[in-house]
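Position 143, counted from 1, in the sequence shown is what the working numbering calls 144; the numbers after and before it change by one each time, with no gaps. The beta carbon of each residue, even a glycine, is placed where N, CA and C say it ideally should be. Structure first, commentary second.
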Amino acid sequence: MAPVHRQSRLGQLYSRWAAFKVEDLFSRKKEPGPRRTIFINEDLPDDYRDARGRVKQEHVYATNQVITSKYTLITFLPRNLLEQFRRIANVPMVYIVLVFAFALPPPPSIHPAAPSSPTPVVISDDIRFSMRYNWTRGGWEAPRAFMVLSA
2 MAPVHRQSRL GQLYSRWAAF KVEDLFSRKK EPGPRRTIFI NEDLPDDYRD
52 ARGRVKQEHV YATNQVITSK YTLITFLPRN LLEQFRRIAN VPMVYIVLVF
102 AFALPPPPSI HPAAPSSPTP VVISDDIRFS MRYNWTRGGW EAPRAFMVLS
152 A
């Protein structure tokens, strides 16, 4: 009988950390819904409607709307900041800001605000670029009115 190899607690934590993806925080995991019946150029059967004539909830399905923008108004700031700090170029700038902010004896030759001045400029410039790109690409995702054509 071969010995059972168990992964250490640290190994388990590392495996979970290595498998983590930031995109999973913002994606919705949906299970497939019930099977659909499509009626082309026909009225819905009576058993699909309730007593008031409205379609029953179990027969209301999600739309096939295509989402073209990267952000919504709610997810813009957190998602944009996560993407910016995944880039390796922005990490040293934040590191320099933290070193100068928490250095016990501040260096007398450098003003404390001097090293932190490029960081907000670069980040705000990238935020403005992302907002403009998202707007020209399709606008913020919002419910859009559409027309249903029937024969």
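Whole-angstrom C-beta distance between residue j and residue i, which should lie under 8 angstroms
{"i": "Phe-27", "j": "Arg-80", "result": "6 angstroms"}
{"i": "Asn-135", "j": "Lys-30", "result": "Contact flag wrong, Cβ pair sits at about 24 angstroms."}
{"i": "Thr-120", "j": "Val-92", "result": "No, Thr-120 and Val-92 are not in contact; Cβ-Cβ is about 11 angstroms, not under 8 angstroms."}
{"i": "Arg-37", "j": "Tyr-62", "result": "6 angstroms"}
{"i": "Ser-117", "j": "Val-98", "result": "4 angstroms"}
Residue i, DSSP secondary structure in three states
{"i": "Arg-53", "result": "coil"}
{"i": "Asp-127", "result": "helix"}
{"i": "Ser-153", "result": "Because the chain in this structure spans residues 2 to 152, residue 153 falls outside the shown range and cannot be described."}
{"i": "Val-23", "result": "coil"}
{"i": "Ala-152", "result": "At Ala-152, the pLDDT of 46 sits below 50, so the modelled position is not reliable; the number obtained from the coordinates is stated separately. Ala-152: coil per DSSP, three-state reduction."}
{"i": "Thr-73", "result": "coil"}
{"i": "Asn-135", "result": "helix"}
{"i": "Asp-47", "result": "helix"}
{"i": "Thr-120", "result": "helix"}
{"i": "Gln-8", "result": "coil"}
Endpoints, the alpha helix (DSSP H) within which residue i is located
{"i": "Pro-79", "result": "77-87"}
{"i": "Val-67", "result": "It is not in any alpha helix (DSSP H) - Val-67 carries neither H nor E in the DSSP assignment."}
{"i": "Asn-91", "result": "91-103"}
Rounded straight-line distance, which links the Cα of residue j to that of residue i
{"i": "Val-23", "j": "Pro-33", "result": "23 angstroms"}
{"i": "Lys-57", "j": "Val-67", "result": "25 angstroms"}
{"i": "Arg-50", "j": "Ile-39", "result": "15 angstroms"}
{"i": "Glu-84", "j": "Asp-47", "result": "50 angstroms"}
{"i": "Ala-152", "j": "Leu-45", "result": "Unreliable placement is indicated for Ala-152, whose pLDDT of 46 sits below 50; no coordinate value is reported for it."}
{"i": "Asn-42", "j": "Ala-52", "result": "23 angstroms"}
{"i": "Thr-137", "j": "Pro-109", "result": "47 angstroms"}
{"i": "Met-132", "j": "Ala-20", "result": "30 angstroms"}
{"i": "Leu-11", "j": "Asp-25", "result": "23 angstroms"}
Residue-chain proximity (residue i, chain C), Cβ-Cβ < 8 angstroms
{"i": "Tyr-96", "result": "Protein chains in the displayed structure number just one, and chain C is not present."}
Of the listed residues the options, nearest to residue i (C-alpha basis)
{"i": "Val-123", "options": "Leu-82, Ser-110, Ala-102 and Thr-137", "result": "Leu-82"}
{"i": "Ile-128", "options": "Phe-86, Phe-21, Arg-10 and Ala-102", "result": "Phe-86"}
{"i": "Phe-77", "options": "Tyr-15, Ala-102, Phe-130 and Ser-16", "result": "Phe-130"}
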